[in-house]
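Student: One structure, pasted below without further comment.
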Amino acid sequence: AQTVTQSQPEMSVQEAETVTLSCTYDTSESNYYLFWYKQPPSRQMILVIRQEAYKQQNATENRFSVNFQKAAKSFSLKISDSQLGDTAMYFCAFTIQTSGSRLTFGEGTQLTVNP
Amino acid sequence: DGGITQSPKYLFRKEGQNVTLSCEQNLNHDAMYWYRQDPGQGLRLIYYSQIVNDFQKGDIAEGYSVSREKKESFPLTVTSAQKNPTAFYLCASSTSGTANYGYTFGSGTRLTVV
């Protein structure tokens, strides 16, 4: 079975600082895709960043970047220059090629950015 | 604008009643999904459909039913057999038969049993 673990239920950071959210996953497959989703208080799920497992280069989207360690099965999200609007629940997720179209999600990390 | 519309936003159900949650998309996506969200448990897959007139059970399908008669629509019925239906329900869609580019989500329906 494919699993995703987010070990930090809650985190907080001061505005303008950097924070890293952790995610580990378990799969025996070699070809898969990883994602971070953001769910703000509106509860609308928003795709933050995507990583292809066969690419060694870490994905980056503006202030958001990942540290993808394939051997360790780790996929952490770094948020630089944190803003109040980054306050949200963050979910790590992945899909494997043989799962059809299923995404498996972690339990989520509630991030609060303090002024 | 293309997107996914879930309705209603809030729904109240009396014990013993069936209720249906609506999900409509105009993205021309082939695959559609229903997830349930509970505090501390992330998103759990209820049902998914990769083509019209076909659907598969997810991890927590008991007490739920779906239909996929049209590409645009994937309604979820929460039956009286679902023992703990109070939750936030999310509908999503994806192109083709994979999730390699992730999902597009609706804005959700909050179901409460009264």
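Residue numbers (our numbering), protein chains in the order written: chain A, 1 to 115; chain B, 116 to 229.
Note that CB positions come from ideal geometry on N, CA and C, so glycine has one too.
Computed from a predicted structure; not experimentally measured.
Evaluate Ile119 (chain B) with the Cβ neighbour count: other Cβ atoms within 10 Å of its Cβ, from every protein chain shown; 16 or more gives buried, anything less gives exposed.
Tutor: That one is buried.
Student: For chain B, is any of its Cβ atoms less than 9 Å away from the one on Pro41 (chain A)?
Tutor: Look at Pro41 (chain A): its C-beta is not under 9 Å from any C-beta on chain B.
Student: Taking only three categories from DSSP, how would you classify Asp174 (chain B)?
Tutor: Of the three classes helix, strand and coil, the one that applies to Asp174 (chain B) here is coil, per DSSP.
Student: Whose C-beta lies closer than 8 Å to the C-beta of Ser211 (chain B) among residues of the same chain, with five residues either side of it excluded?
Tutor: Asp145, Ala146
Student: Which residues mark the beginning and the end of the beta strand (DSSP E) in which Gln56 (chain A) is found?
Tutor: No beta strand (DSSP E) contains Gln56 (chain A), which DSSP labels as neither H nor E.
Student: Is the stretch 170-188 of chain B touching the stretch 76-87 of chain A in the sense that three or more CB pairs, one from each, lie closer than 8 Å?
Tutor: No: fewer than three Cβ pairs fall under 8 Å.
Student: Any idea which residues DSSP pairs Met11 (chain A) with across the strands?
Tutor: According to DSSP, Met11 (chain A) bridges with A:Leu111.
Student: Indicate the three-state DSSP secondary structure (helix, strand or coil) for Asp26 (chain A) in the structure shown.
Tutor: strand
Student: What's the C-alpha gap between Thr20 (chain A) and Thr27 (chain A)?
Tutor: 23 Å
Student: Thinking Phe64 (chain A) and Leu47 (chain A) are a contact (beta carbons under 8 Å), I'd like their distance in whole angstroms, please.
Tutor: About 11 Å separates the two Cβ atoms, so there is no contact after all.
Student: Can you pull the chain B neighbours of Met45 (chain A), defined as C-beta to C-beta under 7 Å?
Tutor: Leu205, Phe220
Student: Would you verify that the beta carbon of Gly85 (chain A) is, or is not, closer than 9 Å to some beta carbon of chain B?
Tutor: no
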